[in-house]
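Numbering (full-length UniProt numbering), first residue to last: 1 to 459.
1) Do residue 69 and residue 60 have their C-beta atoms within less than 8 Å of each other?
2) Figure out for me which residue from 136, 365 and 177 has the closest Cα to the Cα of residue 326.
3) State buried or exposed for residue 219, treating a residue as buried only when at least 16 other CB atoms are found within 10 Å of its CB.
4) Thinking residue 498 and residue 279 are a contact (beta carbons under 8 Å), I'd like their distance in whole angstroms, please.
5) Label residue 318 either buried or exposed according to how many other C-beta atoms from any shown protein chain fall within 10 Å of its C-beta, with 16 as the threshold for buried.
6) Taking DSSP as the reference, what is the three-state secondary structure of residue 455?
7) Using a Cβ-Cβ cut-off of 8 Å, state whether residue 13 counts as contacting chain C.
8) What's the C-alpha gap between residue 397 and residue 160?
9) Suppose you measure from the CA of residue 460 to the CA of residue 304; what does that come to, to the nearest Å?
10) For residue 107, which of helix, strand or coil comes out of DSSP?
11) Excluding the 5 residues preceding and the 5 following residue 107 in the sequence, name in chain order all residues of the same chain whose CB lies nearer than 8 Å to its CB.
12) What three-state label does DSSP hand residue 460 in the structure shown?
13) In whole angstroms, what is the alpha-carbon distance linking residue 283 and residue 312?
14) Name, in chain order, the residues that DSSP records as bridge partners for residue 66.
15) Evaluate residue 342 with the Cβ neighbour count: other Cβ atoms within 10 Å of its Cβ, from every protein chain shown; 16 or more gives buried, anything less gives exposed.
16) Going by other Cβ atoms of all chains shown within 10 Å of its Cβ, with 16 needed for buried, is residue 25 buried or exposed?
17) Based on the DSSP secondary-structure assignment, which residues constitute the bridge partners of residue 176?
18) How big is the Cα-Cα spacing for residue 16 and residue 210?
19) My guess is that residue 231 and residue 250 are in contact by the Cβ rule of under 8 Å, so how many angstroms apart are they, rounded?
20) Counting C-beta neighbours from all protein chains within 10 Å, is the total for residue 370 16 or more, i.e. buried, or is it exposed?
21) What separation, rounded to the nearest whole angstrom, lies between the Cα atoms of residue 172 and residue 57?
22) Since I believe residue 380 is in contact with residue 154 (beta carbons under 8 Å), could you give me their beta-carbon distance rounded to a whole number of angstroms?
23) Pick helix, strand or coil for residue 410, following the three-state DSSP scheme.
24) For the putative contact between residue 441 and residue 422, defined by C-beta atoms under 8 Å, what is the C-beta separation to the nearest angstrom?
25) At what residues does the alpha helix (DSSP H) containing residue 292 begin and finish?
26) So residue 5 is in the beta strand (DSSP E); what residue range does that whole segment cover?
27) Looking at C-alpha atoms only, which residue of 96, 388, 426 and 307 is the closest neighbour of residue 27?
28) Can you tell me whether residue 213 is buried or exposed, with buried defined as 16 or more other CB within 10 angstroms of its CB?
29) Residue 389 to residue 197, Cα distance in whole Å?
30) I'd like to check one pair, residue 354 with residue 192: are the Cβ atoms closer than 8 Å?
31) At 4 residues or longer, and completely inside the segment 224-281: list those alpha helix (DSSP H) runs for me, N to C.
32) On the CB-based measure, 16 or more other CB atoms within 10 Å of its CB, does residue 402 come out buried or exposed?
33) Helix, strand or coil, according to DSSP, for residue 54 in the structure here?
34) Bridge partners for residue 19 per DSSP, in chain order?
35) Indicate the three-state DSSP secondary structure (helix, strand or coil) for residue 436 in the structure shown.
36) Roughly how many whole angstroms lie between the Cα atoms of residue 453 and residue 253?
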C-alpha cells in the first residue's frame with residue numbers, strides 16, 4: 001500500500017496524522033494530495049501531517065492492470081484527435097439503456113482483461129472497502145497514531161464509516177463529507193439518484209418555460225418527452241459545429257444536460273445551448289460545452305492514460321466487491337429498467353446497469369449492506385449537501401442516525417463535496433479536526449455563489 005505524507009507546516013504535527021481519501025472509488029489519494037496541498041486551511045496544515053494513500057489495486061499500490069501497451073497507445077492517439085476513449089465499460093454499463101445481458105457481457109469482458117493482464121489477479125477478490133479499512137488501520141499504527149484522524153469525501157466516506165464500525169475505539173476525529181449510506185445497496189442508491197436528477201430536470205424545464213424563450217413546449221411531461229426524443233435522435237444525427245469535426249451524441253448530450261441542469265446558475269446557459277440545437281440542429285454551443293468538459297480529461301502522457309484506466313477498472317472492482325449479487329433475473333432487470341424509463345423518461349432505465357455488469361464481473365461481496373453504528377466511538381462529523389445529486393442528502397441524514405456518535409452538518413445548495421468549496425462548511429470541518437469542536441445540532445451552512453457554467457466540474 002503506497003502512501004505520501006505532507007509534513008505539518010509547523011514541523012510539530014500536534015495531532016499526529018490526518019489520513020485523507022478522495023473517494024471514487026478508484027481515485028489515487030496520493031495524486032489528489034499533491035493537488036490538495038495548497039488548498040488546505042493553514043490551521044489544518046499546522047496541526048497535522050496529512051497522509052494520502054492509494055487503496056488496494058490503485059495507483060502506486062500493487063495495481064490492477066487490465067490493458068496492454070497497445071491499448072494505451074490507442075487511447076493517446078484518440079486523445080490527440082480530441083476523443084476520450086475509455087478501456088473500461090463501467091460508464092457504458094451504468095449510463096446506457098441497453099439490455100441487462102449486454103451489461104453482464106461487458107462486465108465479464110472487463111474482468112477477463114483484468115485477470116489476464118494483472119500481475120496479481122487474485123487481488124480482484126480482495127479490493128473491497130472492508131479490506132481497505134483494515135489496511136487503513138495498519139497504516140494508522142505504522143505511522144505511530146493511537147487513533148485514526150480521517151477526512152473522507154464521497155466514496156471515501158464509505159471507507160471511513162466501515163473503519164469506524166470495525167474499529168470504533170480507534171476513531172479519533174473523523175469527517176465524512178458527501179456521505180454514502182452503508183445500509184443501502186448500490187442499485188438502490190442509483191435508483192434514488194436517478195429520481196432526484198429527473199426531479200431537478202423538471203424544475204429546470206418549468207423555469208425554462210416561464211422565461212418565454214424556451215425550446216420546450218406543452219406540459220412538463222410533454223417537454224421532457226420532447227427533450228428525450230431530441231437527445232435519443234443524436235446517435236443517428238449527432239450535433240455538429242461549423243469548422244469543427246467534434247460531434248455530440250446522445251450520451252454526451254445527456255451528460256451536458258445533467259451537469260448544467262443540476263445547478264440553477266447554469267440554467268440560462270443550458271437554455272442558450274438547447275434553443276439552437278433543438279430548433280436548427282445547431283450544435284455550436286453544445287460542442288463548446290463538450291470540449292470544455294473534455295479537455296481536462298484527455299490524457300497527454302502514457303502515465304495519465306494508465307491512471308485513468310486504472311481508476312475506471314478499480315471503480316468497477318471495488319463496487320462489485322462491496323455489494324453482493326441481488327439474485328434478480330435478467331428478465332426482471334429489463335422489466336425494472338423499462339418501468340424506470342417510464343417514470344423518469346430522461347435519466348431512467350439504467351439504475352440496475354452496474355448491478356448487471358457486476359454479475360458478469362463475478363468478483364462479488366458476500367456481506368450484504370447493513371447499518372453502521374460504531375458503538376463507543378468519538379464524535380464523527382457527517383456533512384451533507386441538500387442538492388447533492390451523487391451522494392444524496394438523505395444518505396447523510398441516514399448515516400448520522402445510524403452512528404452511535406454521529407453529528408450532521410447540513411450545507412444548502414447543489415454540488416458534491418463541500419470541503420474547500422463552501423467557506424462555512426470548511427471552517428466547521430477544520431474547527432472539528434483541529435479543536436474537536438462539534439457543530440451545534442441543526443447547524444446549517446448557506447449555499448455560496450458559484451461560477452456559472454460549472455457543469456462537469458464535480459468528482
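From the three backbone atoms N, C-alpha and C, an ideal C-beta is built for every residue, glycine too.
If we stick to the structure as given:
1) no
2) 365
3) Exposed, since its Cβ has fewer than 16 Cβ neighbours within 10 Å.
4) Within the shown structure, residues of the chain are numbered from 1 to 459, placing residue 498 beyond reach of any answer.
5) Buried, since its Cβ has 16 or more Cβ neighbours within 10 Å.
6) With a pLDDT of 38 at residue 455, under the threshold of 50, the modelled position of this residue cannot be trusted; read the value that follows with caution. In the structure shown, residue 455 sits in coil (DSSP, three-state: anything other than H, G, I, E or B).
7) This model lacks chain C altogether; it includes just one protein chain.
8) 16 Å
9) The chain is shown only over 1 to 459; residue 460 falls outside these bounds and no answer can be derived.
10) Here residue 107 sits in helix by DSSP.
11) 89, 93, 316, 320, 356, 357, 358, 359, 360, 361 and 362
12) Residue 460 lies beyond the stretch modelled for the chain, which goes from 1 to 459, so this question has no answer here.
13) For residue 283 and residue 312, the distance between alpha carbons rounds to 29 Å.
14) Its beta-bridge partners do not exist; DSSP assigns none.
15) exposed
16) buried
17) 152 and 382
18) 55 Å
19) 5 Å
20) exposed
21) 27 Å
22) Rounded, the Cβ-Cβ distance is 16 Å, inconsistent with contact.
23) Three-state DSSP puts residue 410 in a strand.
24) A Cβ-Cβ distance of about 19 Å is found for the pair residue 441 and residue 422, leaving them out of contact under the 8 Å criterion.
25) 284-294
26) 2-6
27) 307
28) exposed
29) 6 Å
30) no
31) 250-261 and 267-280
32) Per the 10 Å Cβ criterion, buried.
33) In the three-state scheme derived from DSSP, where H, G and I count as helix and E and B as strand, residue 54 is classed as strand.
34) BP columns for residue 19 point to 51 and 150.
35) coil
36) With a pLDDT of only 40 at residue 453, under 50, the local geometry of the prediction cannot be trusted, and the value read off the model is given with reservation. Distance between the alpha carbons of residue 453 and residue 253: 15 Å.
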